[in-house]
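So the protein lines, in turn, are chains C and E. What the first sequence shows, in this note's numbering, is residues 15 to 326, in sequence order. What the second sequence shows, in this note's numbering, is residues 15 to 326, in sequence order. Backbone N, C-alpha and C define an ideal beta-carbon position, used for all residues, glycine too. Before any comments, here is the structure.
2 protein chains.
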Amino acid sequence: MHEFTLIERYFAPLAGEAGLGLADDAAVFTPPQGRQLVVAVDALVAGVHFLPDDPPETIGRKLLRVNLSDLAAMDATPLSYLLTLSAPRDTPEAWFAAFATGLAADQAKYGITLIGGDTTSTPGPLSLTATVIGHVAPGQALRRNGAHPGDGIWVTGTIGDGALGLLARQGRLPDPDGFLADRYQLPRPRHGLSLAGIANAAMDVSDGLLQDIGQLCKASGVGADIDAALVPRSPQAKRAGPTYLETCLTGGDDYELVLAVPEGRAADLQAACARRDVPVTRIGHFAAGNVAVRVTTSGAPMPIARPGWSHF
Amino acid sequence: MHEFTLIERYFAPLAGEAGLGLADDAAVFTPPQGRQLVVAVDALVAGVHFLPDDPPETIGRKLLRVNLSDLAAMDATPLSYLLTLSAPRDTPEAWFAAFATGLAADQAKYGITLIGGDTTSTPGPLSLTATVIGHVAPGQALRRNGAHPGDGIWVTGTIGDGALGLLARQGRLPDPDGFLADRYQLPRPRHGLSLAGIANAAMDVSDGLLQDIGQLCKASGVGADIDAALVPRSPQAKRAGPTYLETCLTGGDDYELVLAVPEGRAADLQAACARRDVPVTRIGHFAAGNVAVRVTTSGAPMPIARPGWSHF
Numbered sequence: 015m016h017e018f019t020l021i022e023r024y025f026a027p028l029a030g031e032a033g034l035g036l037a038d039d040a041a042v043f044t045p046p047q048g049r050q051l052v053v054a055v056d057a058l059v060a061g062v063h064f065l066p067d068d069p070p071e072t073i074g075r076k077l078l079r080v081n082l083s084d085l086a087a088m089d090a091t092p093l094s095y096l097l098t099l100s101a102p103r104d105t106p107e108a109w110f111a112a113f114a115t116g117l118a119a120d121q122a123k124y125g126i127t128l129i130g131g132d133t134t135s136t137p138g139p140l141s142l143t144a145t146v147i148g149h150v151a152p153g154q155a156l157r158r159n160g161a162h163p164g165d166g167i168w169v170t171g172t173i174g175d176g177a178l179g180l181l182a183r184q185g186r187l188p189d190p191d192g193f194l195a196d197r198y199q200l201p202r203p204r205h206g207l208s209l210a211g212i213a214n215a216a217m218d219v220s221d222g223l224l225q226d227i228g229q230l231c232k233a234s235g236v237g238a239d240i241d242a243a244l245v246p247r248s249p250q251a252k253r254a255g256p257t258y259l260e261t262c263l264t265g266g267d268d269y270e271l272v273l274a275v276p277e278g279r280a281a282d283l284q285a286a287c288a289r290r291d292v293p294v295t296r297i298g299h300f301a302a303g304n305v306a307v308r309v310t311t312s313g314a315p316m317p318i319a320r321p322g323w324s325h326f
Numbered sequence: 015m016h017e018f019t020l021i022e023r024y025f026a027p028l029a030g031e032a033g034l035g036l037a038d039d040a041a042v043f044t045p046p047q048g049r050q051l052v053v054a055v056d057a058l059v060a061g062v063h064f065l066p067d068d069p070p071e072t073i074g075r076k077l078l079r080v081n082l083s084d085l086a087a088m089d090a091t092p093l094s095y096l097l098t099l100s101a102p103r104d105t106p107e108a109w110f111a112a113f114a115t116g117l118a119a120d121q122a123k124y125g126i127t128l129i130g131g132d133t134t135s136t137p138g139p140l141s142l143t144a145t146v147i148g149h150v151a152p153g154q155a156l157r158r159n160g161a162h163p164g165d166g167i168w169v170t171g172t173i174g175d176g177a178l179g180l181l182a183r184q185g186r187l188p189d190p191d192g193f194l195a196d197r198y199q200l201p202r203p204r205h206g207l208s209l210a211g212i213a214n215a216a217m218d219v220s221d222g223l224l225q226d227i228g229q230l231c232k233a234s235g236v237g238a239d240i241d242a243a244l245v246p247r248s249p250q251a252k253r254a255g256p257t258y259l260e261t262c263l264t265g266g267d268d269y270e271l272v273l274a275v276p277e278g279r280a281a282d283l284q285a286a287c288a289r290r291d292v293p294v295t296r297i298g299h300f301a302a303g304n305v306a307v308r309v310t311t312s313g314a315p316m317p318i319a320r321p322g323w324s325h326f
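Laid out in structure tokens, this is it:
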């Protein structure tokens, strides 16, 4: 099938007005009046970020969600996205159909439309990117560099399910109810929390909680003290046992938010999260001095072999 | 080397203000007052869009230029870009350094800055995308759907050098002065022509001149009559001989503009292009009726085996 047919059949129906029917060289849109734009891009590669035999519906949705999680970290409202898809030449048409079905479902869920993209072949694994565009009130984007010593360290949802879900998908961990695999395949970006004025800093947890908190510490020039026992884990993650605690703290693929919140705003944070039915848990506090993440368990320092994921 | 080190060392120095030092989850910027935004994304894959042994400096520049060519087709002014880079784990640090040097050179040339991105590993070939953001006066973006019967078909620069340059790089065509290989590796996007009010339609030539004109015809509901002898070719392309005429017309990788211009605006077009030292040539006209591209040579129909490139 010619790539133009592929685009017309499966992607043009996903296009918003700015996408010009995906029949032009670029998207054109009028930015929302009086707002700043927030733009992020993430790449997913088969065998690295998802498994080649993951259902194509979930692959498109994961692609959108990991990107929407970046917007959520900045407290931005999503607007639209662009897609690149580099696929092996023998990718069956049914794969594209299912992939587009997944995108359509999440477009409806998150109120976004496709506005552009590029479809190419590759001699390698399926590789995807989404560029997401959102908007925020001027000066209100949450940054990583605003944490103050004394701020509580809070995380949304539960940590570790994604990393354990990958092990489950690889047959290395039991997952009787499929919960962990589902969390690996379908992250839940924490959009719409409206935390400007409540959180001093935020980032999304994608490369491992401890490593990502380390990044936030570096940007803010603070240290962090974390009690591993306070890190929220799902019943399914707890069932994996204490051997997997470190995997949860460092494995990544969480797409939850980590937040720096002054103690006086903790109640506001909890109320904002409750309005969206998002659990939020205090796991420690930021501290002055040395830019380092200190983790304790039962009051004793917890040794960590590798704080998170690196591609290289 | 940890990917964070890679980003800090080679990509953070390329970041504009909106990129927040590449230390946050997304870019944040205030869109230019009273302008529409224009956004395009293109993917390049080693072995498909460039050769794995192309100089890394040119790979980054080609990535930017194919994307800037999309903005040029819409008559938009470039502003910034986001980058994704999926590289094999054994990619040497020197490759990243040279790649970033190429990006820096073209950032300066085109007045753009890096504002975000993602760096991942891949078990496959090096894969890159750039998302470029530009702006245009409201309603002034050039589209593909505005061509009228009777409009002249004009192209900038010369056609076919990129496709012949690939053959030269593969050792299948002599290229004594390296001109053709250079045109394959370093396209020249035709930005800044300011053709709103002069051209009725525009697109960039990337997948083969005849196929791309066919796309423009389809969007505009017109046909096209082209005299192959009028299609501008470089001395080096002409030297390849008549056997390669069809390759020039259908090979792609030109990143020139094809324009629909009313006969009464031809002089304005020529003046606008002359101001930027861009050659521009009339190769035929759009016609009412059947949406088809008719090519003649010496007055006789020229049979075309395949009008352009398809990835699938």
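Can you name the residues of chain E whose CB is closer than 8 Å to the CB of residue i?
| i | result |
| --- | --- |
| Arg158/C | Ala37, Asp38, Asp39 |
| Pro321/C | In chain order: nothing, as chain E lies at least about 11 Å away. |
Residue i and residue j: beta carbons closer than 8 Å?
| i | j | result |
| --- | --- | --- |
| Leu227/E | Arg279/E | Leu is not the amino acid found at residue 227/E; the sequence shown has Ile there. Taking 8 Å as the Cβ cut-off, Ile227/E and Arg279/E do not qualify as a contacting pair. |
| Ala87/E | Ala216/E | yes |
| Arg308/C | Ala242/C | no |
| Pro139/E | Pro246/C | no |
| Thr172/E | Arg204/E | no |
| Phe110/C | Tyr24/C | yes |
| Thr98/C | His325/E | no |
| Tyr95/E | Ile73/E | no |
| Arg296/E | Leu230/E | no |
| Asp175/C | Trp323/C | no |
| Lys232/C | Val305/C | yes |
| Gln47/C | Thr44/E | no |
| Ser248/E | Gly160/E | no |
| Gln250/C | Leu194/C | yes |
| Asp38/E | Arg186/C | no |
Using a Cβ cut-off of 7 Å, pull out every chain C residue sitting near residue i, in sequence order please.
| i | result |
| --- | --- |
| Ser324/E | His16, Glu17 |
| Ala286/E | Ordered by position in chain C, no residue passes the 7 Å Cβ test against Ala286/E, which lies about 19 Å from the chain. |
| Ser100/E | Ala57, Val59, Ser141 |
| Thr133/E | His325 |
Under 7 Å Cβ-Cβ, which residues of chain E neighbour residue i?
| i | result |
| --- | --- |
| Ala155/C | Val42 |
| Ala233/C | Ala37 |
| Gln50/C | Val42, Phe43, Thr44 |
| Leu96/C | Val53, Val55, Thr145 |
| Asp218/C | Asp39 |
Looking at C-alpha atoms only, which residue of the options is the closest neighbour of residue i?
| i | options | result |
| --- | --- | --- |
| Ala144/C | Ala57/C, Ala87/C, Asp84/C | Ala57/C |
| His2/C | His149/C, Asp191/C, Pro201/C | As shown, chain C starts at 15 and ends at 326. That puts residue 2/C outside it, with no answer to give. |
| Ala54/C | Ala32/E, Leu283/E, Ser324/E | Ala32/E |
| Ala274/E | Asp165/E, Met316/E, Val59/E | Asp165/E |
| Cys287/C | Leu271/C, Met15/C, Ala118/C, Lys252/C | Leu271/C |
| Ser83/C | Pro27/C, Asp282/C, Ile147/C | Ile147/C |
| Arg103/C | Met15/C, Thr261/C, Gly313/C | Met15/C |
| Lys76/E | Pro163/E, Ala254/E, Gly192/E, Gln121/E | Gln121/E |
| Ile240/C | Gln154/C, Met316/C, Gly30/C | Met316/C |
How close, in whole Å, do the beta carbons of residue i and residue j come, if the pair is a contact with beta carbons under 8 Å?
| i | j | result |
| --- | --- | --- |
| Leu224/E | Ile318/E | 6 Å |
| Ser100/C | Ser141/C | 4 Å |
| Leu36/E | Ile21/E | 6 Å |
| Glu71/E | Ala112/E | 5 Å |
| Ala90/C | Val42/C | Not a contact, Cβ separation roughly 21 Å. |
| Asp267/E | Leu180/E | 7 Å |
| Leu283/C | Trp168/C | 6 Å |
| Cys262/E | Ala210/E | Not a contact, Cβ separation roughly 29 Å. |
So residue i contacts chain E; which residues on that side make the cut at Cβ distance below 9 Å?
| i | result |
| --- | --- |
| Ala227/C | Correcting the residue identity first, residue 227/C is Ile in this sequence and not Ala. Under the 9 Å cutoff, chain E gives no residues; its nearest Cβ is about 14 Å from Ile227/C. |
| Ile129/C | Val53 |
| Arg103/C | His325, Phe326 |
| Thr61/C | Sequence check: residue 61/C is Gly here, not Thr. Going along chain E in sequence order, the residues near Gly61/C (Cβ under 9 Å) are Thr136, Pro137, Gly138. |
Listing by chain order, which chain C residues have their CB less than 8 Å from the CB of residue i?
| i | result |
| --- | --- |
| Asp84/E | Asp39, Ala40 |
| Pro152/E | Thr44 |
So with CB distances below 8 Å, who are the chain D contacts of residue i?
| i | result |
| --- | --- |
| Leu34/E | Although the question refers to chain D, the structure presented lacks it and instead comprises the protein chains C and E. |
At 9 Å on the CB atoms, spell out the chain C contacts of residue i, in chain order.
| i | result |
| --- | --- |
| Ala90/E | Ala40, Val42 |
| Ala87/E | Asp38, Asp39, Ala40 |
Point to revise | Completely contained alpha helix (DSSP H) runs for the stretch 106–139 of chain E, where each covers 4 or more residues | key: Listed in chain order, the alpha helix (DSSP H) runs fully inside the stretch 106–139 of chain E are 107–124, counting runs of at least 4 residues.
Exercise for review: Go through the stretch 68–110 of chain E residue by residue and report every complete run of the alpha helix (DSSP H) that reaches 4 residues or more, in order.
Suggested key: Restricting attention to alpha helix (DSSP H) runs no shorter than 4 residues, the stretch 68–110 of chain E encloses them at 70–87, ordered along the chain.
Check your understanding: Which ranges does the alpha helix (DSSP H) cover as unbroken runs of at least 4 residues, wholly within the stretch 273–313 of chain E, from first to last along the chain?
Key -> Fully enclosed alpha helix (DSSP H) runs of 4 or longer: 280–289.
Check your understanding: What alpha helix (DSSP H) runs, 4 residues minimum, are completely inside the stretch 171–237 of chain E?
Key -> Listed in chain order, the complete alpha helix (DSSP H) runs (minimum 4 residues) inside the stretch 171–237 of chain E are 175–183, 193–199, 223–234.
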